[in-house]
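According to the working numbering, the sequence shown is numbered sequentially starting from 1. We put the CB at the ideal spot given by N, CA and C, even for glycine. Because the structure is a prediction, the values reported are computed rather than measured. Read the structure below first, then the notes.
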Amino acid sequence: MTVAAVSTVHPDEVHDRLGRYVLTDGFKLVLDPLTSQGSWIVDARTGEKFLDLYSFFASAPLGLNARGIVDDPEFMTLLAQVAANKPANPDIYTTHYAEFVEAFARVLGDPELPRLFFVEGGALAVENALKTAFDWKSRRNEAAGRSPELGTKVLHLRRAFHGRSGYTLSLTNTEPGKTARFPKFDWPRIDVPAVRFPLDRHLAEVEEAERRALEQARRAFEDNPHDVACFIAEPIQGEGGDNHMRPEFLQAMQALCHEYDALFVLDEVQTGVGITGTTWAYQQLGLEPDIVAFAKKVQLGGIMAGRRVDQVPDNVFRVSGRINSTWGGGLVDMVRARRILEIIEKDDLVAHAAAVGSWFLAELRELEVRHAPVVSNARGRGLMSAIDLPDSGVRDDVVRRLRTEEQVIALPCGERSVRFRPALSITQDELAIALQALDRVVAGLR
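If you want it as structure tokens, here you go:
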């Protein structure tokens with residue numbers, strides 16, 4: 001069966017029809033949702049296959065049409081039945097909701113973060129993490145005899161991306177076009193001491209950058225007494241340039257949060273669910289967050305919370321209506337997510353991501369040696385990896401040529417980086433194809 005057989009719109013007409021109503025500045029290909037498989041996207045117009053190292057901005061942990069999903073008629077029938085309605089999960093409960101929450105807790109859960117909240121999308125996940133922190137800090141202040149109006153600010157990093165809605169607009173600062181002309185809060189922002197790889201060649205400068213950032217953080221707490229509710233960071237900054245930070249820096253920031261009675265919040269929307277080689281990136285960084293925001297691979301957004309959040313007995317997880325939404329995450333997404341989590345668990349895909357990711361990074365570093373100084377700063381954890389090119393123009397040319405000449409889809413990030421976000425299920429052979437394509441494209445730049 002082809003796409004044309006189940007749609008009234010021919011693939012060749014998709015961009016024209018959409019362009020009448022919406023901005024169509026994305027990929028020129030048209031996804032064939034029936035014949036695309038795993039890490040291979042099929043263009044419905046031409047039948048051309050593309051190797052996917054993008055996975056819908058790291059949101060497709062099994063790629064497309066994964067085994068265990070589309071080849072299970074009973075599950076596909078269930079998925080269709082659930083999709084017929086969209087109940088309000090926070091108020092009307094179902095067996096499917098309960099099954100999803102239990103699967104989430106088993107596969108992704110942290111016993112130290114037992115409080116769960118679900119919502120639609122990553123930005124709203126971060127929003128509710130911030131609301132949890134604001135409420136917590138206000139109540140902590142009130143209990144200490146201070147004004148409950150304090151606790152209104154969020155300490156965050158330069159080059160961060162935390163979303164495009166409400167509160168998150170005051171945190172995101174990657175490209176001006178994403179936030180300009182929208183009202184924002186003037187919250188304290190500190191430098192990100194991004195690691196330059198190989199680290200042993202750059203350790204002194206990284207340590208100096210960390211010292212400056214920690215001084216800025218302490219000054220922010222001192223200049224805003226009792227008013228900083230939390231510090232938030234991505235364990236690896238994605239859109240901002242795949243910026244890695246040393247565990248020592250993040251641990252020091254966590255300690256400052258404890259010292260100044262602020263929550264330590266991690267945005268794992270992009271780093272979560274195994275792509276870094278552990279279920280959550282914080283698990284390999286020696287961190288103990290109070291709140292973790294998630295989305296993307298989970299198929300819906302949400303937060304895990306605990307630890308110091310529970311120091312306040314009437315926190316947002318205990319008082320009805322403090323945080324809520326109509327759907328609380330879509331039920332059909334929960335049904336799909338439950339099966340995805342079961343497959344991740346059964347196939348041990350987190351360990352797979354760690355193993356093939358380590359191999360891929362080693363190969364990227366070999367490519368860096370062959371093509372220095374054009375390629376530099378190869379870096380990664382698990383399958384979340386990136387390289388740098390001389391400037392944004394060269395980077396954009398490489399991304400374009402990978403797609404148009406080699407049929408490999410990767411993404412730009414930061415000022416001059418190419419990021420790779422394959423599915424957890426990608427094979428070493430498929431990664432080898434991508435490496436060969438990248439090698440040819442970079443060689444062609446000379």
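Whose C-beta lies closer than 7 Å to the C-beta of residue i among residues of the same chain, with five residues either side of it excluded?
i, result
"ARG308", "LEU263, ASP290"
"GLU415", "GLY241, SER392"
"ARG379", "PHE197, ASP242, HIS244, SER385, ALA386"
"THR8", "none"
"LYS131", "VAL316, ILE323"
"SER147", "ASN141"
"GLU345", "VAL107"
"VAL6", "none"
"LEU203", "none"
"SER36", "VAL42, LEU64, ASN65"
Can you tell me whether DSSP reads residue i as helix, strand or coil?
i, result
"HIS15", "helix"
"GLY145", "coil"
"TRP359", "helix"
"LYS28", "coil"
"PHE185", "coil"
"SER170", "helix"
"ILE236", "strand"
"ILE344", "helix"
"ARG381", "strand"
"GLN429", "Sequence check: residue 429 is Asp here, not Gln. ASP429: helix per DSSP, three-state reduction."
"ALA501", "With the chain covering 1 to 446 only, the question about residue 501 has no answer from this structure."
"THR375", "The sequence shown places Val at residue 375, rather than the Thr named in the question. Looking at VAL375 - three-state DSSP - the assignment turns out to be coil, as it is neither helix nor strand."
"PRO313", "coil"
"ALA386", "strand"
"VAL3", "Confidence in VAL3 is poor, its pLDDT being 49 and thus under 50, which makes the residue's placement unreliable; the coordinate value appears in the next sentence. It is helical."
"VAL22", "coil"
Residue i: which of the options sits nearest, CA to CA?
i, options, result
"ALA123", "ALA295, THR46, THR77", "ALA295"
"LEU150", "ARG158, LEU169, ARG139, LEU157", "ARG139"
"ARG181", "ALA351, ASP72, LEU169, ASP439", "LEU169"
"ASP223", "ARG211, CYS257, ARG201, PRO188", "PRO188"
"TRP327", "VAL319, LEU349, LEU300, VAL316", "LEU300"
"PHE185", "GLY177, SER165, HIS202", "SER165"
"ARG440", "ASP110, VAL375, PRO390", "VAL375"
"SER59", "GLN284, ARG381, HIS371, VAL273", "VAL273"
"VAL292", "GLN81, ALA353, LEU113", "LEU113"
"LEU445", "LYS178, ASP267, LEU389", "LEU389"
"GLY68", "ARG115, GLU368, ILE343, VAL394", "ILE343"
"HIS10", "VAL30, GLY26, GLY177, ARG20", "VAL30"
"ALA353", "CYS257, ALA434, GLU210, LEU424", "LEU424"
"ASN173", "HIS15, ALA160, THR404", "ALA160"
"ARG365", "VAL394, SER320, LEU435, GLU405", "LEU435"
"GLU210", "MET304, ARG336, PRO176, VAL192", "VAL192"
Between which residues of its own chain and residue i is the CB-CB distance below 6 Å, once the five residues before and five after are set aside?
i, result
"PHE38", "It should be noted that the sequence gives Gly, not Phe, for residue 38. Once the five neighbours on either side are set aside, the close Cβ partners of GLY38 are GLY63."
"ASP12", "ARG45"
"LEU411", "TYR54, ARG419"
"ALA194", "ASN243"
"LEU18", "THR24"
"GLN284", "THR278"
"ALA83", "VAL332"
"HIS226", "ASN141, ARG146, LEU150"
"GLN216", "ILE190"
"TRP40", "LYS49"
Under 8 Å Cβ to Cβ from residue i, same chain only, skipping five residues before and after it: list those, please.
i, result
"VAL399", "ALA410, LEU411, PRO412, VAL418"
"PHE57", "GLN270, LYS296, LEU411, ARG421"
"VAL356", "LEU383, ILE426, THR427, GLN428, LEU431"
"GLU120", "LEU300, GLY301, SER325, TRP327, GLY329, GLY330"
(message) At 3 residues or longer, what runs of the beta strand (DSSP E) sit wholly inside the stretch 58-120?
(response) 115-119
(message) Restricting to runs no shorter than 3 residues, where is the beta strand (DSSP E) found entirely within the stretch 239-298?
(response) Within the stretch 239-298, the complete beta strand (DSSP E) runs of at least 3 residues are 263-267, 291-294.
(request) Report yes or no: do the stretch 358-374 and the stretch 97-107 share at least 3 C-beta pairs separated by less than 8 Å? (result) The stretch 358-374, when compared against the stretch 97-107, does not touch it at the 8 Å Cβ threshold.
(request) Examine the Cβ distances between the stretch 147-162 and the stretch 230-240 and report whether three or more of them are shorter than 8 Å. (result) Three or more beta-carbon pairs drawn from the stretch 147-162 and the stretch 230-240 are found closer than 8 Å, and the two stretches are therefore classed as touching.
(request) Indicate whether the contact test is met: 3 or more Cβ pairs, each with one atom in the stretch 76-89 and one in the stretch 326-344, closer than 8 Å. (result) yes
(request) Examine the Cβ distances between the stretch 253-261 and the stretch 67-82 and report whether three or more of them are shorter than 8 Å. (result) no
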